[in-house]
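Chemist: Counting from 7, one number per residue, gives the positions in the sequence shown under my numbering. Heads up, the beta-carbon is just placed ideally off N, CA and C, and yes, glycines get one too. Below you'll find the structure I mean.
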Amino acid sequence: MKRILIVGGANGIGLGVAVEMAQRDDCEQVYVVDKAPFPAEFSHPKISSVQFDVCSEDYSLFDQYQDIDALMLTAGFGRLALFSEVDEDTIRRSFEVNTVATIRIIRRFYDRLLSPTPFRCGLMSSIAGYLSSPFFSVYAATKAALRIFCESVNVELEKAGTQNRVLCVAPGSIRGTRFNGAATNDLPEIQPLARDIITHLEQGDDLFIPQYDEVYQHVLRRYHEDFRAEGRHSYDYKVKVRDQR
């Protein structure tokens, strides 16, 4: 991957991927598009950034990135809250940022995915998109939509005869990110996952669930055996998490 575009690359896991890619000898350029400015302390000659709100109507900005051979979509937000605590504007913005923006951007590069030429593409979903997630109902719904989109489009790509796929990354809580409650981005905490994501992206994989063997295969099995019981377990766990903050 010589030239990668990272949407949401000024914070969290997107920042981790940007910094990691910039340090690689075979990478020539890292483009970052984010609503927030790219943090000066992580500046690098290979990284160029543009501020852009993905809730905008006009996406013509992305036409300037036709030289990329990789695309990573990490923009998104969520917060621990009961559905009764979520207002209508947050519902609308959650889907615009977490779901619609990702799908719109992939559509703009879809011809590259259909091409026989390798084009790496990945998006950040969440393990919350694979099971019931009390206190994250709207966030989980936005990520579940991405999961199904990813699975459906990958079948279409396979049937079209291309080897290109969209990688769906579905982690649980990511340590070291602001999403997880930290005041700043802790790169040493983020980098191991960033490197793993890059590896799966380079391999052209279609799914990566971090800590699957250690944690999530058991959680998913419990969920499929009794989704109601697992939902109650998840609710009680998140109550503890919220009370500790």
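If you count every other CB in all the chains shown that lies within 10 Å of the CB of R181, and 16 or more means buried, which is it?
Modeler: For this step, residue 181 is matched to residue 175 along the sequence shown. The residue is exposed, with fewer than 16 neighbouring Cβ atoms inside 10 Å.
Chemist: Hey, G167 and P124: beta-carbon distance below 9 Å or not?
Modeler: The residue you call residue 167 lines up with position 161 of the sequence shown. The residue you call residue 124 lines up with position 118 of the sequence shown. No, the pair does not count as a contact, with Cβ atoms beyond the cut-off.
Chemist: Alpha carbons only, please: which of F68, S100, V221 is nearest the one belonging to R110?
Modeler: Here residue 110 corresponds to residue number 104 of the sequence shown, with the count starting at 1. Checking every option, the nearest Cα to that of R110 belongs to F68.
Chemist: Three-state secondary structure (DSSP) at M7?
Modeler: Along the sequence shown, one-based indexing puts residue 7 at 1. It is coil, neither helix nor strand.
Chemist: Quick one: grab the DSSP three-state call for D232.
Modeler: Within the sequence shown, residue 232 is the residue found at index 226, counting from 1. Three-state result, D232: coil.
Chemist: Taking the alpha-carbon of I215 as reference, which of S132, K246, C127, V103 has the nearest alpha-carbon?
Modeler: Within the sequence shown, numbered from 1, the residue matching residue 215 stands at position 209. Of the listed residues, the one whose Cα sits closest to I215 is S132.
Chemist: Report the option in L193, Y218, Q217 whose CA atom is closest to the CA atom of G18.
Modeler: Here residue 18 refers to the residue found at position 12 of the sequence shown. Ranking the options by Cα distance to G18, first place goes to L193.
Chemist: DSSP state of Q209, grouped into three classes?
Modeler: Stepping through the sequence shown from its first residue, residue 209 is reached at position 203. Q209: helix per DSSP, three-state reduction.
Chemist: Would you list the one or two residues that DSSP bridges to Q76?
Modeler: Working through the sequence shown from its first residue, we reach residue 76 at position 70. For the sequence presented, residue 76 should be read as Ala rather than Gln. Beta-bridge pairing links A76 to I10, R126.
Chemist: Just to confirm before moving on: does the CB-CB distance between G14 and G82 stay below 9 Å?
Modeler: Within the sequence shown, numbered from 1, the residue matching residue 14 stands at position 8. Within the sequence shown, numbered from 1, the residue matching residue 82 stands at position 76. Yes, Cβ-Cβ distance for G14 and G82 is below 9 Å.
Chemist: Buried or exposed: T183, going by 16 or more other Cβ atoms within 10 Å of its Cβ?
Modeler: For the purposes of this step, residue 183 is identified with residue 177 of the sequence shown, where counting begins at 1. So T183 ends up on the buried side.
Chemist: Tell me, please, which residues DSSP counts as bridged to F214.
Modeler: Residue numbering aside, residue 214 sits at position 208 when the sequence shown is read from its first letter. Answer is V175.
Chemist: If you check the beta carbons only, do S143 and F89 fall under 9 Å apart?
Modeler: On the sequence shown, residue 143 is found 137 positions in, with the first residue counted as 1. On the sequence shown, residue 89 is found 83 positions in, with the first residue counted as 1. Yes, the Cβ-Cβ distance between S143 and F89 is below 9 Å.
Chemist: Could you pull the start and end residues of the beta strand (DSSP E) that S55 belongs to?
Modeler: Translated into positions along the sequence shown, residue 55 becomes position 49. Looking at the DSSP string, the run of the beta strand (DSSP E) that includes S55 is 53–57.
Chemist: Any contact between the stretch 146–155 and the stretch 234–242? By contact I mean 3 or more CB pairs, one from each, below 8 Å.
Modeler: In short, these stretches do not touch, since the Cβ pair count stays below three.
Chemist: Rounded to the nearest angstrom, what separates V103 and D219 at their Cα positions?
Modeler: Numbered from its first residue, the sequence shown carries residue 103 at position 97. Numbered from its first residue, the sequence shown carries residue 219 at position 213. Rounded to the nearest angstrom, the two C-alpha atoms are 30 Å apart.
Chemist: Got a sec? Which residues, its chain only, sit under 7 Å from T148 by beta carbon, not counting five neighbours each side?
Modeler: Along the sequence shown, one-based indexing puts residue 148 at 142. Correct list, in chain order: S100, F101, N104, T105.
Chemist: Can you name the start and end residues of the beta strand (DSSP E) that V38 belongs to?
Modeler: As a first step, residue 38 is located in the sequence shown; it is residue number 32 there, counting from the start. It spans 35–40 - the beta strand (DSSP E) in which V38 sits, taken as one unbroken run.
Chemist: For V92, name the three-state secondary structure that DSSP assigns.
Modeler: Here residue 92 refers to the residue found at position 86 of the sequence shown. Looking at V92 - three-state DSSP - the assignment turns out to be coil, as it is neither helix nor strand.
Chemist: Alpha carbon to alpha carbon, how far is D75 from L199?
Modeler: To locate residue 75, count along the sequence shown from 1; it is residue 69. To locate residue 199, count along the sequence shown from 1; it is residue 193. Each residue's Cα considered, the two are about 21 Å apart.
Chemist: Just the Cα atoms here: how many angstroms apart are E208 and M130?
Modeler: Position 202 of the sequence shown, counted from the start, is the residue given in the question as residue 208. Position 124 of the sequence shown, counted from the start, is the residue given in the question as residue 130. If you take the alpha carbons of E208 and M130, they lie about 15 Å apart.
Chemist: Report the option in Q197, I97, H206, S62 whose CA atom is closest to the CA atom of C127.
Modeler: Residue numbering aside, residue 127 sits at position 121 when the sequence shown is read from its first letter. Checked all of Q197, I97, H206, S62; the closest Cα to C127 is H206.
Chemist: Taking the alpha helix (DSSP H) that T105 falls in, what are its first and last residues?
Modeler: Sequence index remark: in the sequence shown, residue 105 carries index 99 (1-based). T105 -> no alpha helix (DSSP H), and no H or E assigned at all.
Chemist: Taking buried to mean at least 16 other C-beta atoms within 10 Å of its own C-beta, is F141 buried or exposed?
Modeler: Indexing the sequence shown from 1 puts residue 141 at position 135. Buried.
Chemist: Give every residue of the same chain whose Cβ lies closer than 7 Å to the Cβ of Y71, excluding the five residues on either side of it in the sequence, and list them in chain order.
Modeler: For the purposes of this step, residue 71 is taken as the residue at position 65 of the sequence shown. The residues are L11, Y37.
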